[in-house]
Ligand SMILES: Nc1ncnc2c1ncn2[C@@H]1O[C@H](COP(=O)(O)OP(=O)(O)OP(=O)(O)O)[C@@H](O)[C@H]1O
Ligand SMILES: [Mg+2]
């Protein structure tokens with residue numbers, strides 16, 4: 002049985018697409034057949050982040066409308082074995098997706114994939130609700146910042162009331178992925194810490210991704226950041242994926258990296 | 258705790274202000290979400306009945322439902338003089 006993962010956040014621009022690309026690629030690297038589905042109809046970007054924008058012919062809406070078969074629309078990733086991308090449509094019709102249509106496509110994908118990673122659009126309305134409706138698992142992407150944390154809590158409310166699992170009396174598994182984390186600013190008391198955000202949202206922590214230059218560089222090149230395994234963000238995503246698969250990994254990149262003279266004198270802060 | 262963080266602990270940082278504000282807001286919004294949809298309407302109607310007899314406003318009436326919707330708690334702050342209208 003395929004596991005459906007939705008990458009969601011409420012607030013826009015917090016790193017859902019970056020994280021979807023990283024997590025999908027990471028799962029495929031670990032040998033799981035994975036498909037990345039872009040639910041951001043009208044604003045597709047996952048193809049760009051994955052570097053396959055010039056290979057898009059058909060999209061999710063074409064498959065729903067029977068204008069293309071799933072095999073015609075799926076793009077096989079050239080770098081990572083076992084990874085496929087199903088692009089979003091660029092249509093401006095925001096009713097292009099229906100629950101029945103999405104269910105049909107997900108059912109068909111579930112026959113041949115281990116993981117289906119759904120990149121949600123921003124917001125808590127219809128588009129975001131469709132992206133999360135069929136999910137087994139949610140990865141809630143949050144930045145250490147008040148409006149992002151508040152919106153994450155609101156999307157948790159949607160996950161707990163408007164998903165199929167919730168309607169059937171069950172529960173979607175929820176994970177917190179804290180991204181764009183800046184340890185120096187946390188230490189200076191200018192940014193919410195990982196403990197602060199965990200306390201407030203009260204869901205299990207999957208990983209902390211540092212604010213990193215590697216992310217922009219990777220997106221410039223159309224390469225998911227996990228493939229830059231020397232980078233801090235790449236490693237942090239790989240750790241998060243290992244945890245997702247049940248491994249025990251200590252959280253890294255939570256403290257200020259380069260230690261100055263002062264911290265060497267006073268020792269590592271506990 | 259290092260010396261630096263000792264001095265810092267004295268004055269409230271902007272991050273701790275953020276945390277406090279979020280805790281209050283999130284608790285409030287979660288409570289709102291857990292209430293059934295009919296609650297605002299019911300509150301209005303109960304208020305209308307009470308207002309027939311005493312001079313109260315919406316702020317004077319508090320209605321709470323516990324989590325599994327088994328106890329309805331109604332708190333009305335009555336005005337100083339309780340003369341019928
Ligand atoms: N860890 C990080 N470090 C630095 N920049 C980051 C990081 N994560 C994301 N970004 C940047 O933040 C911006 C938004 O990221 P992304 O497109 O993944 O967000 P999104 O949640 O998918 O946005 P939308 O809601 O519009 O779909 C991008 O410019 C991306 O490069
Ligand atoms: Mg996006």
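Residue numbers (our numbering), protein chains in the order written: chain A, 2 to 271; chain B, 258 to 342.
Don't be surprised by glycine CBs; every beta carbon is placed ideally from N, CA and C.
Everything numeric in this text was worked out from a predicted model, so none of it was measured.
Next on the checklist: Taking the alpha-carbon of residue 38/A as reference, which of 54/A, 88/A, 66/A and 62/A has the nearest alpha-carbon?
Outcome noted: With respect to the C-alpha of residue 38/A, the residue from 54/A, 88/A, 66/A and 62/A having the closest C-alpha is 88/A.
Item to check | Minimum Cβ-Cβ distance from residue 314/B to chain A less than 8 Å | outcome: Look at residue 314/B: its C-beta is not under 8 Å from any C-beta on chain A.
Checklist entry - Is any heavy atom in ligand 1 found nearer than 7 Å to the beta carbon of residue 15/A? => result The closest heavy atom of ligand 1 lies less than 7 Å from the beta carbon of residue 15/A.
Next on the checklist: Can you tell me whether residue 279/B sits near ligand 1, meaning its C-beta is under 7 Å from at least one heavy atom of the ligand?
Outcome noted: No heavy atom of ligand 1 is found nearer than 7 Å to the CB of residue 279/B.
Checklist entry - What is the C-beta distance between residue 225/A and residue 254/A, in whole angstroms, given that I count them as a contact (C-beta under 8 Å)? => result Distance from residue 225/A to residue 254/A at the Cβ level is roughly 18 Å; contact not present, criterion being Cβ atoms closer than 8 Å.
Checklist entry - To which residues of the same chain is residue 26/A closer than 7 Å at the C-beta, ignoring the five residues directly before and after it? => result 81, 84, 225, 227 and 228, listed in sequence order.
Item to check | Other residues of its chain near residue 169/A: CB distance less than 8 Å, five sequence neighbours each side excluded | outcome: If we look at residue 169/A and ignore the five residues flanking it on each side, it has no Cβ neighbours.
Checklist entry - So residue 193/A packs on residue 276/B, CB below 8 Å; how close in whole Å? => result The Cβ separation is near 6 Å, so the contact holds.
Item to check | For residue 224/A, the three-state DSSP class (helix, strand or coil) | outcome: In the displayed model, residue 224/A falls within coil according to three-state DSSP, outside both helix and strand.
Checklist entry - Cβ of residue 217/A within 7 Å of any heavy atom in ligand 1? => result Residue 217/A has its Cβ nearer than 7 Å to a heavy atom of ligand 1.
Checklist entry - From residue 185/A to residue 206/A, what does the alpha carbon distance come to, in whole angstroms? => result About 20 Å.
Checklist entry - Residues of chain A with a CB under 7 Å from the CB of residue 279/B: which are they? => result Against chain A, a Cβ distance below 7 Å from residue 279/B picks out 147, 150, 151 and 201.
Next on the checklist: Three or more C-beta pairs under 8 Å: does that hold for the region 44-53 of chain A against the region 7-27 of chain A?
Outcome noted: Yes: at least three Cβ pairs fall under 8 Å.
Item to check | Beta bridge counterpart(s) of residue 174/A as assigned by DSSP | outcome: Residue pairing by DSSP puts residue 174/A in a beta bridge opposite 138/A.
Next on the checklist: Using only CA atoms, which one of 216/A, 109/A and 68/A lies nearest to residue 233/A?
Outcome noted: Cα-wise, what sits closest to residue 233/A is 216/A.
Next on the checklist: Considering only heavy atoms of ligand 1, does any lie closer than 7 Å to the CB of residue 1/A?
Outcome noted: Chain A is shown only over 2 to 271; residue 1/A falls outside these bounds and no answer can be derived.
Next on the checklist: Against chain B, which members of the region 187-198 of chain A pass a CB distance test of less than 9 Å?
Outcome noted: Result list: 187, 188, 189, 190, 191, 192, 193, 194, 197 and 198.
Item to check | Nearest-angstrom Cα separation, counted from residue 123/A out to residue 164/A | outcome: Going by the C-alpha atoms only, they are around 16 Å apart.
Checklist entry - How would you label residue 188/A, buried or exposed, when you count the other beta carbons within 10 angstroms and need 16 or more for buried? => result By the 16-neighbour rule on beta-carbons within 10 angstroms, residue 188/A is buried.
Item to check | Per-residue DSSP class, three states only, for residue 106/A | outcome: Residue 106/A: helix per DSSP, three-state reduction.
Item to check | Neighbour flag for residue 11/A against chain B, beta carbons, 8 Å | outcome: For residue 11/A, not one C-beta of chain B is nearer than 8 Å to its own C-beta.
Next on the checklist: Between which two residues does the beta strand (DSSP E) holding residue 321/B run?
Outcome noted: Note, residue 321/B: beta strand (DSSP E), 318-322.
Checklist entry - Is the Cβ-Cβ distance between residue 120/A and residue 59/A less than 8 Å? => result In this structure, residue 120/A keeps its C-beta atom at 8 Å or more from the C-beta atom of residue 59/A.
Checklist entry - What is the DSSP secondary structure of residue 95/A, counted as helix, strand or coil? => result Taken through DSSP and simplified to helix, strand or coil, residue 95/A comes out as coil.
Next on the checklist: On a Cα-Cα basis, can you pick out the residue from 152/A, 155/A, 151/A and 175/A that is closest to residue 138/A?
Outcome noted: Looking only at 152/A, 155/A, 151/A and 175/A, the smallest Cα-Cα distance to residue 138/A is reached by 175/A.
Item to check | Proximal residues to residue 3/A (C-beta, below 7 Å), its chain only, five neighbours per side dropped | outcome: Closer than 7 Å at Cβ, skipping near neighbours: 110, 111, 114, 115, 116 and 117.
Next on the checklist: Can you tell me whether residue 211/A is helix, strand or coil according to DSSP?
Outcome noted: The answer is strand: DSSP assigns residue 211/A an E or B state.
Checklist entry - residue 297/B: buried (16+ other C-beta within 10 angstroms of its C-beta) or exposed? => result So residue 297/B counts as exposed.
Checklist entry - Should residue 155/A be flagged as near chain B, meaning a C-beta pair shorter than 8 Å? => result Under the Cβ criterion of 8 Å, residue 155/A is counted among the residues facing chain B.
Checklist entry - So is residue 197/A buried or exposed if we call it buried at 16+ other beta carbons inside 10 Å? => result Result: buried.
Next on the checklist: Quick check on the DSSP output: the beta strand (DSSP E) that includes residue 332/B runs from which residue to which?
Outcome noted: Residue 332/B -> beta strand (DSSP E) spans 329-333.
Item to check | Selected residue, minimal CA-CA separation from residue 223/A, among 22/A, 96/A and 11/A | outcome: Looking at 22/A, 96/A and 11/A, the one whose alpha-carbon comes closest to that of residue 223/A is 22/A.
Next on the checklist: Does the beta-carbon of residue 90/A, which I'm using as the reference point, lie nearer than 7 Å to any heavy atom of ligand 1?
Outcome noted: No - ligand 1 has no heavy atom lying nearer than 7 Å to the Cβ of residue 90/A.
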